[in-house]
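Participant: Could you have a look at this structure, given as structure tokens, before my questions?
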Ligand code: 6PG
């Protein structure tokens, strides 16, 4: 697993720079949800750059309305998209359709966009890390983690709050990006960071993504890196 683990004073700023660079290149960018990325999205929107040729995707979504405070799309809309001019093309996951119908639709949309590819070749995939080691909405021990014949899967039972049905990219889709960045911050993630990215870890969804993806960078703050022995370097 060749993972570049970096401990930064401001990992959100590092993430923002990756996002702006991918956007300026007119790339396909897959966003993450949760709460951690908000600062990165706000900083990315404030950096110089033209998002007009970029396309935004999501690694997962909650099955709620797009204006629900739990929506991963709503997070990006408010902290990033609404602040961009020109705006990027936005291909959100329509969680309001329900997990099965929403997953089927997103699978079709992705196949149209990446029609000649074996998997969606995002230029940049941004992921977070749950305190249980999940990423996107792939939770340890869940059937969705083992799905390999599709790019998008319905997740009826979330393993962490919010406990609503989800729609998630599958491992084949989450390991196909040209560049993958995990943004993880806070002491509550320190154990999951060690288990997912440390030298002796556990078979967690985030480790499976890191082991299967091409170019993985893990951006941490000091607190999230506190249990990681030796693998992190101060920059
Ligand atoms: C989601 C996210 C999820 C998130 C982690 C970390 O839909 O919940 O995509 O994978 O990245 O749960 O979330 P926090 O940043 O809120 O800790």
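In our numbering, the protein residues as written are -13 to 221.
Beta carbons: idealized from backbone N, C-alpha and C, even for Gly.
#1: Which value, in whole angstroms, describes the spacing of the CA atoms of residue 6 and residue 15?
#2: Looking at the structure shown, is residue -5 part of a helix, part of a strand, or coil, going by DSSP?
#3: Tell me whether residue 117 counts as near the ligand 6PG, meaning its Cβ is closer than 8 Å to at least one heavy atom of that ligand.
#4: If you drop the 5 nearest sequence neighbours on each side, which residues of the same chain put their C-beta closer than 8 Å to that of residue 205?
#5: Between which residues of its own chain and residue 223 is the CB-CB distance below 6 Å, once the five residues before and five after are set aside?
#6: What do you reckon, are the CB atoms on residue 181 and residue 114 nearer than 9 Å?
#7: Looking at the secondary structure, which residues open and close the beta strand (DSSP E) in which residue 108 lies?
#8: Starting from residue 60, trace the alpha helix (DSSP H) in both directions and tell me its first and last residue.
#9: May I ask you to check if the CB of residue 172 is nearer than 8 Å to at least one heavy atom of the ligand 6PG?
#10: With a threshold of 8 Å, are at least 3 pairs of Cβ atoms found where one atom belongs to the stretch 136 to 144 and the other to the stretch 156 to 163?
#11: State the Cα-Cα distance for the pair residue 100 and residue 73, rounded to the nearest angstrom.
#12: Which of the three DSSP states, helix, strand or coil, is assigned to residue 120?
#13: Are the beta-carbon atoms of residue 183 and residue -11 separated by less than 9 Å?
#14: Please determine, among 45, 210, 186 and 97, the residue with the shortest C-alpha to C-alpha distance to residue 117.
#15: Alpha carbons only, please: which of 148, 88, 26 and 71 is nearest the one belonging to residue 40?
#16: Quick check: is any heavy atom of the ligand 6PG less than 8 Å from the C-beta of residue 47?
#17: Using a Cβ-Cβ cutoff of less than 6 Å, which residues in the same chain neighbour residue 21 once the five nearest sequence positions on both sides are dropped?
Facilitator: According to the data block:
#1: Indexing the chain shown from 1 puts residue 6 at position 20. Indexing the chain shown from 1 puts residue 15 at position 29. Each residue's Cα considered, the two are about 10 Å apart.
#2: On the chain shown, residue -5 is found 9 positions in, with the first residue counted as 1. Of the three classes helix, strand and coil, the one that applies to residue -5 here is coil, per DSSP.
#3: By 1-based counting over the chain shown, the position of residue 117 is 131. Because some heavy atom of the ligand 6PG lies under 8 Å away, the Cβ of residue 117 counts as near it: yes.
#4: Taking the first residue of the chain shown as 1, we reach residue 205 at position 219. These residues qualify, in order along the chain: -8, -6, -3, 0, 1, 167, 168, 169 and 170.
#5: The structure shown does not extend to residue 223, since the chain is modelled only from -13 to 221, so the question has no answer here.
#6: The residue you call residue 181 lines up with position 195 of the chain shown. The residue you call residue 114 lines up with position 128 of the chain shown. The answer is no: Cβ separation not under 9 Å.
#7: On the chain shown, position 122 is the one that residue 108 refers to. It is not in any beta strand (DSSP E) - residue 108 carries neither H nor E in the DSSP assignment.
#8: Locating residue 60 in the chain shown gives position 74, where the first residue counts as 1. Residues 58 to 65.
#9: Residue mapping note: residue 172 aligns to position 186 of the chain shown, counting from 1. Checking the Cβ of residue 172 against the ligand 6PG gives yes.
#10: yes
#11: By one-based count along the chain shown, residue 100 stands at place 114. By one-based count along the chain shown, residue 73 stands at place 87. Spanning the two alpha carbons is a distance of roughly 21 Å.
#12: The count along the chain shown starts at 1 and reaches residue 120 at position 134. Residue state, collapsed to three classes: coil.
#13: Here residue 183 is taken as the residue at index 197 of the chain shown, counted from 1. Here residue -11 is taken as the residue at index 3 of the chain shown, counted from 1. Closer than 9 Å, so yes.
#14: Within the chain shown, numbered from 1, the residue matching residue 117 stands at position 131. Cα-wise, what sits closest to residue 117 is 210.
#15: Numbered from its first residue, the chain shown carries residue 40 at position 54. If we check each option's Cα against that of residue 40, 71 comes out closest.
#16: Taking the first residue of the chain shown as position 1, residue 47 is located at position 61. Residue 47 Cβ: within cutoff of the ligand 6PG.
#17: Your numbering for residue 21 matches position 35 in the chain shown. Excluding sequence neighbours, residue 21 sits near nothing in its chain.
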